[in-house]
Structure formats: C-alpha cells, structure tokens
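Trainee:
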Amino acid sequence: MSVGITELTGDYILDPAHTRIGFIARHAMVTKVRGAFHEFEGTAHLDGTDPTRSSAQVVMKTASIDTGVEQRDQHLRTNDFLDAPNFPDITYRSTAIEPRSDTEYRVAGDLTIKDTTRPVTIDFQYTGNAVDPSGNLRVGLEGSVTISRKDFGVTWNAALEGGGVLVGDKVVLQFDISAIRQA
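If you count the sequence shown from 1, position 137 lands on 136 in numbering that gives the first Met the number 0, and the numbers rise without skipping.
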C-alpha cells in the first residue's frame with residue numbers, strides 16, 4: 000500500500016541494504032569502470048506539502064570504495080585519488096530543492112571531496128513509496144549527475160601511448176535510494 004505525496008512528510012534515513020551510491024568513470028578512453036561506496040549514511044526531511052522545505056544529506060566513506068578489483072580500489076584510496084586516510088568522507092548537503100513535476104526534483108547542494116566543496120545540482124526521479132512487511136514507510140528516489148573530478152582536486156592520470164589518458168575527468172555519480180521514515 001502506498002500513500003499520497005502530501006502524506007510523506009517526515010524524517011527519513013537511508014536504508015544501506017537497499018540503497019546504492021555508485022559511480023562510473025572512463026578508463027583508457029575505451030571503456031567504463033563502475034563502482035560503489037558500500038559504507039554511507041544519509042538523512043532527509045521530506046515536506047510533502049511544500050517540497051522546497053525538504054532537505055537531505057549523505058556521507059560516503061571513501062575507504063569503502065569498491066570497483067570489484069582490489070588493486071584498483073587500493074589505488075583509489077591513496078592520495079592519487081581520494082586519500083582515504085586523510086579524507087575519510089565525501090559529503091553532499093542540499094541547499095535547495097525545486098520540484099520540476101509531480102515526480103521530478105532538482106536538488107542543489109554542496110559536494111565535498113578531499114576538503115574541496117563545490118555546488119552540484121542533482122536531478123532526482125521519485126520512484127514511489129510503500130509500506131514494507133515490517134510496517135516501515137519507504138520512499139524511492141533515483142538520480143545522477145556528472146562531475147569533473149579535477150574540480151575536487153582529484154587530478155592523477157597517466158598518458159596513453161597512442162594519445163589520451165588512462166582515467167577520464169568526468170565521473171557520473173549515481174544514487175538509487177530507499178529511505179525509511181522515522182517514527
């Protein structure tokens with residue numbers, strides 16, 4: 000059973016078992032590497048009557064990065080990329096939420112990677128809500144945004160013999176969210 004959008008007002012936490020925060024980056028100019036952060040936490044306040052009064056924040060643990068290749072993941076945790084020992088968190092905090100339609104929302108916010116904060120706007124699609132078997136009200140959202148990793152001080156690269164570079168500058172951040180309303 001689902002409820003109407005105005006009935007969604009409340010405070011929510013991300014369900015890590017049913018949420019994916021991932022990324023896609025170009026490798027060697029020819030293919031894409033996909034990965035995710037397995038440790039994160041996030042909260043949101045949803046206002047179903049006035050979505051502009053909603054807010055959200057998420058913290059991703061840089062040491063939890065996973066591309067499925069341990070040697071690459073270890074490199075991504077070094078100062079060449081995320082410098083996980085010195086910068087354990089990537090954060091995103093909303094600054095404004097604009098409804099674009101009944102199911103589309105533009106979320107402006109501040110993304111911080113390696114102590115560099117930049118404004119980033121993410122378009123989200125509201126995918127619905129449901130009451131789960133445990134009686135929890137859940138909402139679903141999907142969104143993505145393309146950022147320049149160089150804008151956040153993540154500049155390491157290697158030139159390829161035939162031209163180009165090993166790691167593309169553009170990174171797509173993906174958010175597949177299941178959030179649970181708190182009592």
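Note that the Cβ used here is the ideal one computed from N, Cα and C, for glycine as well. All of these numbers come straight from a predicted model, not from anything done at the bench.
If you reduce the DSSP assignment to three classes, tell me which class Asp-114 lands in.
Mentor: Coil, per DSSP.
Trainee: Would you tell me roughly how many angstroms separate the C-alpha atoms of Val-164 and Phe-80, rounded to the nearest one?
Mentor: Their backbone Cα atoms lie some 15 Å apart in a straight line.
Trainee: Tell me whether the region 147-165 and the region 112-129 touch, counting them as touching only if at least three CB pairs, one residue from each stretch, are closer than 8 Å.
Mentor: Judged by Cβ distances under 8 Å, the region 147-165 makes contact with the region 112-129, as three or more pairs qualify.
Trainee: Rounded to a whole number of angstroms, what is the C-alpha to C-alpha distance between Ala-24 and Ala-178?
Mentor: Looking at the two C-alpha atoms, the distance is approximately 26 Å.
Trainee: On the three-pair Cβ rule with 8 Å, is the region 103-110 touching the region 65-77?
Mentor: The region 103-110 is not in contact with the region 65-77.
Trainee: So which of Ala-43, Phe-39, Gly-21 has the shortest CA-CA distance to Lys-31?
Mentor: Ranking Ala-43, Phe-39, Gly-21 by Cα distance to Lys-31 puts Gly-21 first.
Trainee: Helix, strand or coil: how does DSSP classify Gln-181 here?
Mentor: Three-state result, Gln-181: coil.
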